[in-house]
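Chemist: Numbering-wise (our numbering), the sequence shown opens with residue 5 and increments by one.
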Amino acid sequence: MEEELKRVSQQKIVEERPAQSTTVTSNSTSPSPNRASENVHEFMWEYLPHTYRSPQSEHWPGDQSQTISQFSSPGMQIYPTIGILSRRVFKSLPSKPAAQALIKQYMLSFHSAYPLFDHSTSLRLMEYNSEDFHDPAWWGCINVVLAISHRFRAMNKLNNSVEDYQAWGYLQNALATVTELTMMQPTLTTVQALLGMALIVQGTSNSRPFSTLLSSAIRGAQDIGLHRHNVDPKINIDEVEQRKRVFWIAYFLDKDLSLQLSQPPFQDDDEMDVGFPSGMREHDSVNNVDFLQIRVGLAVIQAQVYKRLLSVRASKQSVLERFAAVSDLEDILYAWKDSTPIKFEEMYITPTNVRFSPPLIYEMIVRLTYFKTLDIIFNHSILGMAEEAANSMARAAEVEGGYILPASPLCKVQARKALQLIHVTPMGDYAYIWVVLHIFVSATKTLLSNVCSEPSQTLAQSDVELIQPLLNLLGTLINGGQRDEVAKMYDTCQEMYEEAVQRLRTANSQYMQIDQGSVGKSSSQRQEKESVEDFIRRIESYVAD
């Protein structure tokens, strides 16, 4: 017993040592952005007016973080460093050479699109300093990097169970620090650790942990002023850029989650004025594509989509106001699309014996996120059309002011392009699958709803065939043990698929009868009747959905 008390006392002394302050610097420089980046920034400045061009300011409010509050009980104080909180180690860290190899792989594969850590921070992670092991922020960061590296390795192997097992062990190590990280005084490193964990669990079947970790990371970012344009004069320009990159990664993840769940974002655009991140260095970008700036530009639009179409305030708009918002958001989204170097019309062809490269995955994520944003805008135009139709079915083509109702063909085209990306998607329980699966499901619903309402259209048969790979993917995930999470998606899509097939067969079998039944009527009468009925069927199908 005495030996045990002595050991606990020694452990307490070690844990009471003050953690060394961490200054994160960056070796990156800021080159002049290319023309595409300039176009992205041009409209971002317009639609996010509170963002400043210059990151420099003479006024710095100081550290905005607050010390942990005390309980009302006298003398009862909580400090994460005094041993009240225990941290369990689920998996031992690899040897230093093995860890360095994994960190280098992380920088080559993940850093180009998610520059969460700069090169200086990665070098510090490689040092394996014994004092760092007692720092929960460092411990969380190193395990995040190791877990992400193993998740990327899993996509390059036919049997990914071993790599996933390794990644899960390191993720458990990182998650064991969450309580400490959320209770301790926030720093840039604590925000990076929490945000890194959020990025990992985003690639899982449950969105709740992702939402929880992301909210904690954003709150920590706000506590240390990452959302403000004010800059401490003691911080060099490289660290200023790193702080902005960390914030904007959290920002676009926040907007993605907001649209996915139709819930308010954690970061309000009216409560931020931080500058946009500068362009990544050429050797940090992939194929001269700056994915961070592209995602930031799209996230700014996503924020406007929620504010103007999904928020409580937006629900109180009139039909004309909703149409105006839809038209405006469509124009902004098209301007962003035209300003990016990504070829949205490209058909990827990947041989079966070639593994999936990070650039291809990042481009597909951008394209699918673009479709999801467009789909939300289109669905709200349909809601407006349904409301307008209830008031006056005769005005199905045009409303007051000369505004033409939003047409559906563009959204159908983009839905087809989104589903075509399944053919170059890694099949299995991969992180990438869970990030974009809900977008594939949205595209499927868009096409199936269209087939059900217009089964006689030219592309109805090919649309039904295009959806089959997604059903196969959902079935694979269910058989792999993800039954509870995927079963609802599968049941919904399968039910719509069967209805679409049935209506398609009925339309084909009755085609001749319909044609004969229209003999003796003028073409204008047939056209007028078909247009109104077609509109009603389309509205009812979307309202029912």
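Heads up, the beta-carbon is just placed ideally off N, CA and C, and yes, glycines get one too.
Residue 258 to residue 269, Cα distance in whole Å?
Modeler: Each residue's Cα considered, the two are about 6 Å apart.
Chemist: Would you call the CB atoms of residue 145 and residue 200 closer than 8 Å?
Modeler: For residue 145 and residue 200, yes; Cβs fall inside 8 Å.
Chemist: Any beta carbon from chain D within less than 8 Å of residue 207's own beta carbon?
Modeler: Note that chain D does not occur in the displayed structure, where there is just one protein chain.
Chemist: Tell me which residues share the same chain as residue 481 and place their Cβ nearer than 6 Å to its Cβ, disregarding the 5 neighbours each side in the sequence.
Modeler: Excluding residues within five positions, the ones whose Cβ falls inside 6 Å are 490.
Chemist: Can we say the region 492 to 499 touches the region 463 to 482, given the rule of at least three CB pairs closer than 8 Å?
Modeler: In short, these stretches touch, since the Cβ pair count reaches three.
Chemist: Tell me which residues share the same chain as residue 507 and place their Cβ nearer than 6 Å to its Cβ, disregarding the 5 neighbours each side in the sequence.
Modeler: Excluding positions up to five away in sequence, the list reads 456, 459.
Chemist: Report the option in 310, 345, 384, 309 whose CA atom is closest to the CA atom of residue 327.
Modeler: For residue 327, the nearest C-alpha among the options comes from 384.
Chemist: Got a sec, what are the start and stop residues for the alpha helix (DSSP H) residue 117 sits in?
Modeler: Where residue 117 is concerned, there is no enclosing alpha helix (DSSP H), given that its DSSP letter is neither H nor E.
Chemist: Can you find the residues in the same chain that come closer than 6 Å, C-beta to C-beta, to residue 299, ignoring five residues on each side of it along the sequence?
Modeler: Contacts found: 256.
Chemist: For the putative contact between residue 339 and residue 313, defined by C-beta atoms under 8 Å, what is the C-beta separation to the nearest angstrom?
Modeler: Not a contact, Cβ separation roughly 18 Å.
Chemist: When you compare the CB positions of residue 369 and residue 439, do they come within less than 8 Å of one another, or not?
Modeler: In this structure, residue 439 lies closer than 8 Å to residue 369 by Cβ.
Chemist: Starting from residue 420, follow the alpha helix (DSSP H) in both directions and report where the run begins and ends.
Modeler: Segment 413 to 424, the alpha helix (DSSP H) holding residue 420.
Chemist: Checking 8 Å against the spacing of the C-beta atoms, do residue 177 and residue 94 come in under that value?
Modeler: Going by C-beta atoms, residue 177 is nearer than 8 Å to residue 94.
Chemist: Does the count of Cβ pairs from the region 181 to 201 and the region 155 to 164 closer than 8 Å reach three?
Modeler: These segments do not touch.
Chemist: According to the neighbour-count rule (16 or more other Cβ atoms, all chains shown, within 10 Å of its Cβ), is residue 343 buried or exposed?
Modeler: Answer is buried; the Cβ neighbour count reaches 16.
Chemist: Have a look at residue 428 and residue 352 and give me their C-alpha separation to the nearest angstrom.
Modeler: For residue 428 and residue 352, the distance between alpha carbons rounds to 7 Å.
Chemist: I need the DSSP call for residue 139, collapsed to helix, strand or coil.
Modeler: Correct three-state label for residue 139: coil.
Chemist: Quick one: give me the first and last residue of the alpha helix (DSSP H) that residue 317 is part of.
Modeler: First-last of the alpha helix (DSSP H) with residue 317: 316 to 319.
Chemist: Roughly how many angstroms lie between the CA atoms of residue 504 and residue 382, to the nearest whole one?
Modeler: Their backbone Cα atoms lie some 21 Å apart in a straight line.
Chemist: Is it the case that the Cβ atoms of residue 380 and residue 293 are separated by a distance below 8 Å?
Modeler: Going by C-beta atoms, residue 380 is not nearer than 8 Å to residue 293.
Chemist: What three-state label does DSSP hand residue 443 in the structure shown?
Modeler: In the structure shown, residue 443 sits in a helix (DSSP, three-state: H, G or I).
Chemist: Which value, in whole angstroms, describes the spacing of the CA atoms of residue 499 and residue 472?
Modeler: Using only the alpha carbons, I get a separation of about 13 Å.
Chemist: Helix, strand or coil for residue 99? Go by DSSP, reduced to three states.
Modeler: Three-state result, residue 99: coil.
Chemist: Cα-Cα, which of 375, 377, 348 is closest to residue 364?
Modeler: Out of 375, 377, 348, 348 has the C-alpha closest to the C-alpha of residue 364.
Chemist: Grouping DSSP H, G and I as helix and E and B as strand, with all else coil, what is residue 132?
Modeler: Note: residue 132 maps to coil in three-state DSSP.
Chemist: Does the beta-carbon of residue 3 have 16 or more other beta-carbons within 10 angstroms, so that it is buried, or is it exposed?
Modeler: Past the edges of the chain, shown from 5 to 549, lies residue 3, and the structure says nothing about it.
Chemist: Please state the DSSP three-state secondary structure of residue 180.
Modeler: Residue 180: coil per DSSP, three-state reduction.
Chemist: Do three or more CB pairs link the region 236 to 251 to the region 117 to 127 at distances below 8 Å?
Modeler: Yes: the two stretches touch, three or more of their Cβ pairs being nearer than 8 Å.
Chemist: Would you check if the distance between the CB atom of residue 261 and the CB atom of residue 309 is smaller than 8 Å?
Modeler: No, the pair does not count as a contact, with Cβ atoms beyond the cut-off.
Chemist: Please determine, among 296, 272, 320, 295, the residue with the shortest C-alpha to C-alpha distance to residue 307.
Modeler: Residue 307 has its Cα closest to that of 272, out of 296, 272, 320, 295.
Chemist: Under the three-state reduction of DSSP, which class applies to residue 212: helix, strand or coil?
Modeler: DSSP places residue 212 in helix when its eight states are reduced to three.
Chemist: Could you say which of 117, 133, 152 lies nearest to residue 105 if we only look at CA atoms?
Modeler: Closest by alpha carbon: 152.
Chemist: Using a threshold of 8 Å, state whether the C-beta atoms of residue 470 and residue 420 are closer than that.
Modeler: In contact: residue 470 and residue 420 (Cβ atoms closer than 8 Å).
Chemist: If the criterion is Cβ atoms closer than 8 Å, does the pair residue 295 and residue 126 meet it?
Modeler: It is not a contact, given that the beta carbons lie outside the stated cut-off.
Chemist: Report the CB separation of residue 452 from residue 501 in whole angstroms; it is logged as a contact under 8 Å.
Modeler: Between residue 501 and residue 452 the Cβ distance is about 6 Å, and since that is below 8 Å, they are a contact.
Chemist: Which residues bound the alpha helix (DSSP H) around residue 193?
Modeler: Element bounds for residue 193: 192 to 206.
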